[in-house]
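Right, one structure below, let's go through it.
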Amino acid sequence: MGIITVVYNFLWGDLITIPLPGGGSLGLSLLVLLLIPAGIYFTIRTRFLPVRLFPEMLRITREKRVDSSQNAISGVQALVISTATRVGMGNLVGVVAAISAGGAGAVFWMWVTALIGSSTAFAEGTLAQIYKEKDPLYGGYRGGPAYYIHDFISRRRKNPKRGGKSILAILFALSGLICWCGISQVISNSVSSSFYNAFHIPPLYSTIVFVILAAVIVLRKNTTVKVLDIVVPIMAGFYLLVTLFIIVKNIGLIPAVFSQIFQEAFGLRQMAAGGFGAVLMNGVKRGLFSNEAGSGSAPCAAAAADISHPAKEGLLQAFGVFIDTIVICSCTAMIMLLAPTDLVGGLTGMDLLQTAMQHHMGSFGGVFIAVILWLFSFSTFIGILFYARPNVAYLFGDNWLSQTLYKIVALVMLFIGGLAAYTFVWDLGDIGVGLMTVFNMIILLPMSGEAVASLREYERSKKGQSS
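As structure tokens, this is what we get:
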């Protein structure tokens, strides 16, 4: 536990503290120091890709799969898988926590983080496509950071690509598998708690149903993508529609809400009160945790896509960050900020969100949040086991035994988490994602030139087609 605490604080704690006017301070963790400058660097190198190429991202979502490999998935299906894992509890509980601690201004900094994070997501998604390989077990393709890290280090050492494994790639793959087991516990605990609060269903019953449904899907060979193709659009679309209904219902309050967001993001009141650091960092940290850009998770799905150009998948993954933070996280923020302050004041976590939703939609509100949390969590669990496939294969080779054993371990963790909250395992999950990010960024930065070159080549080919 002591080692876990030290590593956790090293990754997520404040390594640097900058004093601010009013007696406050700005604490910067290692991950913030890695991801924010890197995101700005990628944004500049891609010539502000998130804004400049946003119409192209939308256009690519309408393209179909290049039918060249049996069981391969399309670029959009890879986007659906990565969206399934990005759009999870962080979009609900995480946004609530950010606003509770940092105020409405945290929302603005979440938006800023998403914009620069899109460029990072482009770089890692494009590299995953460049270095993907055939998947002999599941069909189609596989890849991700473990594979492009391996290739980069092999080339530097002038070793054959299929030579001995890279230590850094092994560490990334192990960190991912640890992270996703930890997330499994968090997922089931949140679901069982919300169902108990909304329907008074004992955690044991809701957990058993959750685990059985998940097992039916993940233990079958190629069911994951088919299920996510249905679940993700429905859950995201339904959540967006309900939020739009709430916005229309409270349309007169919208100018005041946006005014509050921008005033608190830059407000002198927060600066003078020493709270600006909390506003900024809660928004930034929540944005980074929610959109996962730079962590190396989403490239595990991006590599599986059968798409005509690597940059296209990179653009789709950049669009995924937009969906996660600009759309879904903003929906949660609007639900909260449009509720009366005297009603939700002092509340935190799911209690705050469910109370706000009940204000907007009556008794249906609490039920809706429980169901949407279940859908978000269910899709996240299925998605992370898709991520695990190439990493298990990298560590243990191409065999069904290791693939199945990891799925069983994750299902056991899912069951245990539904019955009790083990903070040790949860912290281990946070350490896993933190280490993944560090190992991924060590190689992503020197390899980013390849992603930028791919983007330039793609843009040149587009110009050639249009001329």
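Residue numbers (the numbering used here): 228 to 694.
We put the CB at the ideal spot given by N, CA and C, even for glycine.
If you run the structure through DSSP and keep just helix, strand and coil, what is residue i?
i      : result
Glu360 : strand
Met534 : The amino acid at residue 534 is misidentified as Met; the sequence shows Ile. Three-state DSSP puts Ile534 in coil, outside helix and strand.
Ser393 : coil
Glu589 : First, the residue type needs correcting, since residue 589 is Gly and not Glu in the sequence shown. Note: Gly589 maps to coil in three-state DSSP.
Tyr368 : strand
Glu519 : coil
Val314 : coil
Ala566 : coil
Leu238 : helix
Pro526 : helix
His377 : helix
Gly501 : Below a pLDDT of 50, predicted positions are generally treated as unreliable, and Gly501, at 47, falls in that range; the measurement from the model is reported next regardless. Note: Gly501 maps to coil in three-state DSSP.
Please state if the CB of residue j and the CB of residue i are separated by a distance shorter than 8 Å.
i      : j      : result
Leu401 : Thr664 : no
Gly521 : Met668 : yes
Ser309 : Ser604 : no
Glu360 : Leu671 : no
Ile611 : Thr347 : no
Ser557 : Phe269 : no
Ser381 : Ala637 : no
Ala305 : Ala531 : yes
Leu542 : Glu290 : no
Lys634 : Leu342 : no
Ile405 : Leu655 : yes
Phe422 : Ile428 : yes
Ile534 : Phe335 : no
Leu238 : Ile596 : no
Among all the DSSP beta bridges, which residues are the ones paired with residue i?
i      : result
Gly254 : Thr244
Ile300 : Ala532
Quick check: what's the CA-CA separation for residue i versus residue j?
i      : j      : result
Ile267 : Gln581 : 36 Å
Ser256 : Val320 : 21 Å
Trp338 : Ile553 : 6 Å
Glu540 : Thr353 : 6 Å
Gly501 : Val660 : Residue placement at Gly501 is flagged as unreliable, the pLDDT there being 47, under the threshold of 50; a coordinate-derived value is accordingly withheld.
Leu565 : Val598 : 21 Å
Ala331 : Ser486 : 10 Å
Leu431 : Pro673 : 48 Å
Leu398 : Tyr235 : 16 Å
Ile230 : Ala373 : 25 Å
Ser629 : Leu364 : 12 Å
Val484 : Thr470 : 14 Å
Met498 : Val278 : Bear in mind that a pLDDT of 49 at Met498, under 50, signals an unreliable position, so the model cannot answer this.
Gly644 : Tyr685 : 45 Å
Gln585 : Leu662 : 39 Å
Gly523 : Ala396 : 11 Å
Below 7 Å, is the gap between the Cβ of residue i and the nearest heavy atom of the ligand ADP?
i      : result
Leu354 : The ligand ADP is not part of this structure, which contains no ligands at all.
*Can you check the region 264–289 for any alpha helix (DSSP H) of at least 4 residues that lies completely inside it and give the ranges in chain order?*
Qualifying alpha helix (DSSP H) stretches, in chain order: 276–279, 281–287.
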